[in-house]
């Protein structure tokens, strides 16, 4: 027996609600729009139309994946970040809305400089670096990541956004960028910061579908910051702003570490939930 789009949405939302998802109807509708190739207004106009077998099968497969706690962004293969669409999959950490605050901080830190060079240490999907470059058309960017898979995704996003002529990518540990740092005008980074002991307690959407390499920050979550602060204090010019995304409870610990490496002029920016999310500092 055939079903309408409205029927199918109700069925999908009920399945996700039964499986304990908080945003069951919202997720179900996003997946239905994708399966049908609809916009939101298309759905309003056609919610009582009958659904084809192909669309129904595609949608039901998506609902099953979501019920198994695969993130919507990875089912769809795209995510909205800072007003733009990025490709996302298991190669890199999925962009999170709270990370937009780091882009905002970077834009503020560069507001008086018409051109320059920005480096993104641990670039992942490239969402931070590429979002910044879209807003600063005279700037050049360098993205560094140890994961070749992540860099392949970042390059795809750069090509998709027509930024391939303004950005370069380097594969390797943080130190691979040491010879570049003397020419850098702004540093941004969202390194791994989850304490190793907390990884098993993460939501299944994160634990099962984001690479552990992008999450595991060592016993206290600060290992990457320690390495980065040593490198930056040795290679960065005086006065260059550095912006880190952090865990909600890491601001004071990071500031203490950074002070020991000669950084000062600290700022803290909160995320959309009111938690500390970005720490800014300047190399003295």
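Numbering (this note's numbering), first residue to last: 990 to 1273. C-beta atoms are modelled at their ideal positions from N, C-alpha and C, and glycine is treated no differently. Small disclaimer: the values here were computed from a predicted structure and weren't measured.
Figure out for me which residue from the options has the closest Cα to the Cα of residue i.
i	options	result
residue 1021	1008, 1225, 1043	1043
residue 1204	1011, 1015, 1050, 1080	1080
residue 1183	1153, 1218, 1082	1082
residue 1175	1098, 1144, 1245, 1164	1098
residue 1051	1264, 1023, 1245, 1139	1023
residue 1076	1141, 1123, 1229, 1039	1141
residue 1223	1247, 1085, 1161, 1111	1247
residue 1101	1004, 1229, 1073	1229
residue 996	1026, 1049, 1231, 1070	1049
residue 1105	1096, 1243, 1111, 1112	1096
residue 1110	1161, 1003, 1262, 1000	1161
residue 1262	1158, 1269, 1087, 1164	1087
residue 1288	1103, 1058, 1084	Coverage of the chain is limited to positions 990 through 1273, which leaves residue 1288 absent and any answer about it impossible.
residue 1037	992, 1071, 1073, 1063	992
residue 1143	1078, 1244, 1065	1078
residue 1107	1145, 1234, 1129, 1257	1129
residue 1193	1074, 1009, 1164, 1216	1009
residue 1269	1232, 1250, 1252	1232
residue 1330	1013, 994, 1007	Nothing can be reported for residue 1330, as the shown portion of the chain is limited to 990 through 1273.
residue 1220	1256, 1251, 1091	1251
residue 1067	1249, 1173, 1145	1145
What residue range is occupied by the uninterrupted alpha helix (DSSP H) comprising residue i?
i	result
residue 1051	1042-1056
residue 1193	1193-1196
residue 1093	1089-1098
residue 1085	Here residue 1085 belongs to no alpha helix (DSSP H), and DSSP marks it neither H nor E.
residue 1034	1029-1035
Near residue i, what residues of its chain come up, given a Cβ to Cβ distance below 6 Å and the 5 sequence neighbours on each side ignored?
i	result
residue 1225	1170, 1272
residue 1150	1119
residue 1061	1016, 1019
residue 1212	1206
residue 1070	1084, 1116
residue 1001	1017, 1052
Got a sec? Which residues, its chain only, sit under 8 Å from residue i by beta carbon, not counting five neighbours each side?
i	result
residue 1227	1272, 1273
residue 1112	1118, 1132, 1133, 1134, 1139, 1140, 1143, 1158
residue 1243	1211, 1214, 1233, 1235, 1268
residue 1191	1183, 1204
residue 1201	1188
residue 1172	1106
May I ask which residues mark the beginning and end of the beta strand (DSSP E) holding residue i?
i	result
residue 1108	1106-1110
residue 1075	1073-1076
residue 1233	1230-1234
residue 992	Run containing residue 992: none; DSSP gives neither H nor E here.
residue 1178	1175-1178
residue 1068	1067-1070
residue 1021	Not the beta strand (DSSP E): residue 1021 falls in the alpha helix (DSSP H), residues 1013-1025.
residue 1266	1265-1272
residue 1160	1156-1160
Exposed or buried, what is residue i when buried is set at 16 or more other beta-carbons lying within 10 Å of its beta-carbon?
i	result
residue 1046	exposed
residue 1131	buried
residue 935	Missing from the structure shown is residue 935; the chain here goes from 990 to 1273 and no further.
residue 1089	buried
residue 954	Because the chain spans 990 through 1273 in this model, residue 954 falls outside it and cannot be assessed.
residue 1055	buried
residue 1134	buried
residue 998	buried
residue 1180	buried
residue 1217	buried
residue 1125	buried
residue 1187	exposed
residue 1084	buried
residue 1103	exposed
residue 1166	buried
residue 1199	buried
Please go through the same chain and pick out, in chain order, the residues whose beta-carbon is closer than 7 Å to the beta-carbon of residue i, but skip the five residues on each side of it.
i	result
residue 1147	1115, 1119, 1153, 1156
residue 1210	1182, 1183, 1184, 1236, 1239
residue 1259	1265, 1266
residue 1254	1270, 1271
Consider the Cβ of residue i: report whether some Cβ of chain C lies at a distance smaller than 9 Å.
i	result
residue 1202	Checking the listed chains, one finds no chain C in this structure; it contains a single protein chain.
Quick check on the DSSP output: what are the complete alpha helix (DSSP H) runs of length 4 or more inside the region 1113-1152, in order along the chain? 1116-1124, 1137-1149
Inside the region 1216-1262 only - alpha helix (DSSP H) runs reaching at least 4 residues: 1240-1248
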